[in-house]
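Peer 1: Numbering (this note's numbering), first residue to last: 13 to 275.
1. Once the 5 residues before and after residue 161 are set aside, which same chain residues still bring their CB inside 8 Å of it?
2. Determine, using beta carbons only, whether residue 243 and residue 184 come nearer to each other than 8 Å.
3. Threshold first: 3 residues or longer. Then list the beta strand (DSSP E) segments lying entirely within the region 138 to 210, N to C.
4. Can you grab the Cα-Cα spacing for the pair residue 71 / residue 45, in whole Å?
5. Do three or more CB pairs link the region 143 to 162 to the region 198 to 209 at distances below 8 Å?
6. At 4 residues or longer, what runs of the alpha helix (DSSP H) sit wholly inside the region 200 to 273?
7. Any contact between the region 126 to 133 and the region 56 to 63? By contact I mean 3 or more CB pairs, one from each, below 8 Å.
8. So, using beta-carbon positions, are residue 195 and residue 217 closer together than 8 Å?
9. Answer with buried or exposed for residue 106, where buried requires no fewer than 16 other C-beta atoms within 10 angstroms of its C-beta.
10. Can you tell which of 157, 199, 203 has its C-alpha closest to the C-alpha of residue 182?
11. Roughly how many angstroms separate the alpha carbons of residue 171 and residue 116, rounded to a whole number?
12. In angstroms with no decimal places, state the Cα-to-Cα distance between residue 31 and residue 18.
13. Spatial neighbours of residue 133 within its chain, please: CB distance less than 7 Å, with the 5 preceding and 5 following residues excluded, ordered by chain position.
14. Check residue 31 in the structure and name its three-state DSSP category.
15. What number of angstroms, rounded off, separates the C-alpha of residue 200 from the C-alpha of residue 245?
16. DSSP three-state label for residue 99, please.
17. State the Cα-Cα distance for the pair residue 55 and residue 111, rounded to the nearest angstrom.
18. According to DSSP, simplified to helix, strand and coil, what is residue 114?
19. Since I believe residue 27 is in contact with residue 234 (beta carbons under 8 Å), could you give me their beta-carbon distance rounded to a whole number of angstroms?
20. Could you name each continuous alpha helix (DSSP H) segment of 4 residues or more that falls completely within the region 59 to 88, going from the start of the chain to the end?
21. Where residue 74 and residue 67 are concerned, what is the direct C-alpha to C-alpha distance, given to the nearest angstrom?
22. Roughly how many angstroms separate the alpha carbons of residue 50 and residue 140, rounded to a whole number?
23. In its own chain, which residues sit with a C-beta less than 6 Å from the C-beta of residue 228, not counting the 5 before and 5 after it?
24. Do the CB positions of residue 190 and residue 269 come within less than 8 Å of each other?
25. Would you mind stating whether residue 230 and residue 239 have Cβ atoms separated by less than 8 Å?
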């Protein structure tokens with residue numbers, strides 16, 4: 013079977029600090045590969061996560077790509093200074109995408125203006141570098157689409173999409189964006205099973221968002237990339253296709269968006 017691609021996972025975070033191989037790298041990477049997840053994308057969070065992310069990616073160059081950006085919940089008063097460092101990182105040419113970036117008004121709506129400005133600036137960085145964007149959008153669809161309208165040439169994925177069919181249609185009317193589908197799909201009260209039917213299959217990507225949002229039947233545990241198979245199986249059932257087809261179409265989509273070589 014074509015290998016699955018986890019387009020959004022944070023296996024470098026402290027949650028995996030005690031889960032290590034003899035070489036000091038998280039065993040979660042090996043378990044993912046063993047489960048058929050042949051490639052993973054690590055999106056950055058803030059300035060403190062850059063080095064841990066780079067170390068783990070360097071230990072698994074055949075299986076890991078990286079994205080560089082400032083997460084919206086980490087946008088503070090010094091966000092412009094932080095973006096100078098993000099820009100310098102992007103100049104290295106080692107990154108597959110800009111991310112994860114966007115707008116999150118769930119935790120602190122008072123940062124709305126700063127987050128919109130930081131998002132806009134990072135979309136400009138993506139344009140400058142010719143890179144796709146991994147977008148974090150929580151309780152901020154209006155604001156996210158408003159900023160995106162100023163950058164029509166940007167290719168992007170709406171990471172951890174958990175909205176409705178109407179939300180999906182609004183996003184697709186704004187641009188030909190991709191949708192990151194993760195464990196939310198498996199949750200009992202999720203609107204996503206209906207929403208995915210409004211998403212063209214050529215715009216679907218799989219992700220875990222590990223260590224968060226573990227899919228059923230792993231819900232409540234620390235998530236990891238090996239669990240991507242549960243989300244893939246759920247998607248196959250909803251679409252009425254087999255796992256092979258889900259792997260083929262989502263991995264093809266990921267390679268097209270991120271420029272990942274065939275696994």
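Heads up, the beta-carbon is just placed ideally off N, CA and C, and yes, glycines get one too. Keep in mind it's a predicted model, so treat the numbers as computed, not measured.
Peer 2: By the coordinates alone:
1. 186
2. no
3. 145 to 150, 168 to 170, 190 to 193
4. 14 Å
5. no
6. 204 to 207, 240 to 251, 255 to 270
7. no
8. no
9. exposed
10. 157
11. 12 Å
12. 19 Å
13. 95
14. coil
15. 15 Å
16. helix
17. 5 Å
18. strand
19. 6 Å
20. 62 to 71
21. 14 Å
22. 29 Å
23. 198
24. yes
25. yes
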